[in-house]
Amino acid sequence: MKCIQLCMGSSCHSRGNARSKDMISEFLSKNGLEDKVDFRGMLCMGECGDGPNIIINGKLYHHVEEGVLLDILNEVFAEDLSS
Ligand code: FES
Numbered sequence: 048m049k050c051i052q053l054c055m056g057s058s059c060h061s062r063g064n065a066r067s068k069d070m071i072s073e074f075l076s077k078n079g080l081e082d083k084v085d086f087r088g089m090l091c092m093g094e095c096g097d098g099p100n101i102i103i104n105g106k107l108y109h110h111v112e113e114g115v116l117l118d119i120l121n122e123v124f125a126e127d128l129s130s
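Position in the sequence shown (first residue = 1) + 47 = the working numbering.
Encoded structure:
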């Protein structure tokens, strides 16, 4: 199962991950991926200066602002979107 871990520490949360949480939920729902992706929040990982941070399938993404989030999701889940 694929996994998205969203940093919900106060810095990442206030710098974009609050909004990203809704965007990711919407993306998973819209594409029928809710049962295929383990989506969870995580505590501060100590990399606040490079946030907002998101880990997808074990890979850490820094500076995941609203404008790039959908691009990342579309790329990572491309295989699932086309099937
Ligand atoms: S709040 Fe996200 S790394 Fe610290």
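Note that the Cβ used here is the ideal one computed from N, Cα and C, for glycine as well.
CB contact flag (residue i, residue j, <8 Å)
i: residue 53; j: residue 67; result: yes
i: residue 49; j: residue 83; result: yes
i: residue 51; j: residue 119; result: no
Counterpart residues of residue i in DSSP-defined beta bridges
i: residue 54; result: 89
i: residue 115; result: DSSP output for residue 115 lists no bridge partner at all.
i: residue 49; result: 84
i: residue 101; result: 53, 108
Start-to-end residues for the beta strand (DSSP E) that takes in residue i
i: residue 106; result: 106–108
Buried or exposed by the 16-neighbour rule on C-beta atoms within 10 Å, applied to residue i
i: residue 110; result: exposed
i: residue 121; result: exposed
Span separating the alpha-carbon of residue i from that of residue j
i: residue 91; j: residue 72; result: 20 Å
Segment limits, alpha helix (DSSP H) that includes residue i
i: residue 66; result: 65–77
i: residue 126; result: 125–129
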